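Counting with numbering that gives the first Met the number 0, you get residues 0 to 285 for the letters of the sequence shown.
Okay, structure first, notes after.
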Amino acid sequence: MLILAISFPGAGQESAATAETPNSSGSELRTMSFNIRYDNPGDSVNAWPYRIRRVAGIFRLFEPDVVGVQEALKSQINGLQAEIPEYDWYGVGRDDGEDGGEFCPVFYRRERLELLEKATFWLSETPDTPGSRGWDAVCNRVVSWGKFRDKATENEFYFFNTHFDHAGPKARLESAKLLRREIGKIAGRTPVILTGDLNCRDTSVVYRTLLENPGEESMPLLDAIARTLTPHHGPTGTFHGFTGVTEPGGRIDYIFVTPAWQVRQHAILADHWDGRYPSDHLPVLA
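This is how it looks when you write it as structure tokens:
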């Protein structure tokens, strides 16, 4: 299993989690980034009705505590929650701030986490305006976030989830700058996890912008794959278009953490059912 352990400043210990077995210590947390592919009937045998139980199966098998999902329509969210009722979720539609368009919902295990605050902002020049579109983006894009309390430890952290534009290079870069600023304003120096489909590789200026030093008011973001204490497991690419074949190093889906988190393991999951995949993206787990 794939575990994040958190070490809070002032806690009097270097690492808050040392247990060998999953979730045997309350300070161990499992998180996932999962682009589930929007419900497109044109996907034929890969359409959502054929995939929903595979997606739910990933949740059941790996038991993540908190998951950033991308490309979910409201009907998909409702159907998925019916399959995994132990999870609650937060998010809004990107087109109107209600139910319209794709969501970037945050699913969380209610027995483990309590949602204290929640909000969504738009990746645009007017981030507080629902349905606003920024720069050269083709689609409206959002960041949905929550502040959580870990019921096992009383520790609090912020979780951000996003999906950058697939077509607009300026939009992706400006989105990275805006997201970096907003995380600093919202979370300050509280521990943060960020998940997302950035539609760019880790060699891009967009990726580097997210990881730039934000200054003293907030904490830097670190790529979980670079911070893991054990070797990465699985492919190194995430998009495969339902083929199961990814380009080496073709990672566009990520989990980022602030330095308070110790990453025990990191994986890109290539699970399939006789060659049929849950999505056209592989989920990322840490």
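Here a beta-carbon is modelled for each residue, glycine too, at the ideal position from N, C-alpha and C.
Note that the coordinates shown come from a computational prediction; the quantities given were computed from them, not determined experimentally.
(message) Applying the 10 Å Cβ sphere with the 16-neighbour rule, what's the burial state of aspartate 95?
(response) Sequence index remark: in the sequence shown, residue 95 carries index 96 (1-based). It is exposed - the Cβ of aspartate 95 has fewer than 16 other Cβ atoms within 10 Å.
(request) Specify the secondary structure class of lysine 150 as computed by DSSP and reduced to three states. (result) Position 151 of the sequence shown, counted from the first residue, corresponds to residue 150. It is coil, neither helix nor strand.
(message) Quick check: what's the CA-CA separation for threonine 208 versus asparagine 139?
(response) Numbered from 1 along the sequence shown, position 209 holds the residue referred to as residue 208. Numbered from 1 along the sequence shown, position 140 holds the residue referred to as residue 139. Spanning the two alpha carbons is a distance of roughly 21 Å.
(message) Restricting to runs no shorter than 3 residues, where is the beta strand (DSSP E) found entirely within the segment 140-205?
(response) 141-149, 155-162 and 191-196
(message) Between Leu210, Ile254, Pro258 and Gln264, which has its C-alpha nearest methionine 31's C-alpha?
(response) For this step, residue 31 is matched to residue 32 along the sequence shown. When each option's Cα is compared against that of methionine 31, the closest is Ile254.
(request) Specify the secondary structure class of glycine 67 as computed by DSSP and reduced to three states. (result) As a working note, residue 67 is residue 68 in the sequence shown. Here glycine 67 sits in strand by DSSP.
(message) Under 8 Å, with one C-beta from each stretch per pair, do the segment 121-139 and the segment 54-70 reach the 3-pair mark?
(response) no
(request) Would you tell me roughly how many angstroms separate the C-alpha atoms of serine 203 and alanine 136, rounded to the nearest one? (result) The residue you call residue 203 lines up with position 204 of the sequence shown. The residue you call residue 136 lines up with position 137 of the sequence shown. Answer to the nearest angstrom: the Cα atoms are 17 Å apart.
(message) Between the segment 139-149 and the segment 88-106, can you find at least three pairs of beta-carbon atoms closer than 8 Å?
(response) yes
(message) What residue range does the beta strand (DSSP E) around glutamine 261 cover?
(response) Start at 1 with the first residue of the sequence shown, and residue 261 comes out as number 262. First-last of the beta strand (DSSP E) with glutamine 261: 260-262.
(request) Name, in chain order, the residues that DSSP records as bridge partners for tyrosine 89. (result) Within the sequence shown, numbered from 1, the residue matching residue 89 stands at position 90. In the DSSP output, where bridge partners are listed per residue, tyrosine 89 has Val105.
(request) Could you say which of Pro63, Thr235 and Arg171 lies nearest to tyrosine 206 if we only look at CA atoms? (result) Stepping through the sequence shown from its first residue, residue 206 is reached at position 207. Taking only the C-alpha atoms, the option nearest tyrosine 206 is Arg171.
(message) In the DSSP output, what is aspartate 222 paired with across the bridge?
(response) As a first step, residue 222 must be located in the sequence shown, where it is residue number 223. In the DSSP output, where bridge partners are listed per residue, aspartate 222 has Phe255.
(request) Throw me the rounded Cβ distance for the proline 190 and phenylalanine 147 pair, which I believe falls under 8 Å. (result) In the sequence shown, counting from the first residue as 1, residue 190 sits at position 191. In the sequence shown, counting from the first residue as 1, residue 147 sits at position 148. With 8 Å as the limit, proline 190 and phenylalanine 147 do not qualify as a contact, their Cβ atoms being about 10 Å apart.
(request) Rank His231, Ile267 and Pro129 by C-alpha distance to the C-alpha of valine 91 and give the top, closest one. (result) To locate residue 91, count along the sequence shown from 1; it is residue 92. Among His231, Ile267 and Pro129, the Cα nearest to that of valine 91 is on Pro129.
(message) Suppose the cutoff is 6 Å on Cβ atoms and the five residues either side in sequence are ignored; what does the same chain contact list for asparagine 22 look like?
(response) Taking the sequence shown and counting its residues from 1, one reaches residue 22 at position 23. Note that asparagine 22 scores 40 on pLDDT, short of 50, meaning its location in the model is unreliable and no value can be drawn from it.
(request) With a threshold of 16 other CB atoms inside 10 Å of the CB of leucine 112, please say whether the residue is buried or exposed. (result) Residue 112 sits at position 113 when you count from the first residue of the sequence shown. By the 10 Å Cβ count, leucine 112 comes out buried.
(message) Residues in the same chain with beta-carbon distance under 6 Å from leucine 221, minus the five sequence neighbours each way, listed in chain order, please.
(response) The residue labelled residue 221 in the question sits at position 222 within the sequence shown. Counting only Cβ-Cβ distances below 6 Å, and skipping sequence neighbours, we find Val256.
(message) Using a Cβ distance threshold of 8 Å, determine whether the segment 162-176 contacts the segment 39-54, with at least three qualifying pairs required.
(response) no
(message) Just to confirm the assignment, what range does the alpha helix (DSSP H) spanning phenylalanine 61 have?
(response) Start at 1 with the first residue of the sequence shown, and residue 61 comes out as number 62. Segment 47-61, the alpha helix (DSSP H) holding phenylalanine 61.
(request) Would you kindly report the start and end of the unbroken alpha helix (DSSP H) that includes alanine 81? (result) In the sequence shown, counting from the first residue as 1, residue 81 sits at position 82. 73-82 is the span of the alpha helix (DSSP H), which, as asked, contains alanine 81.
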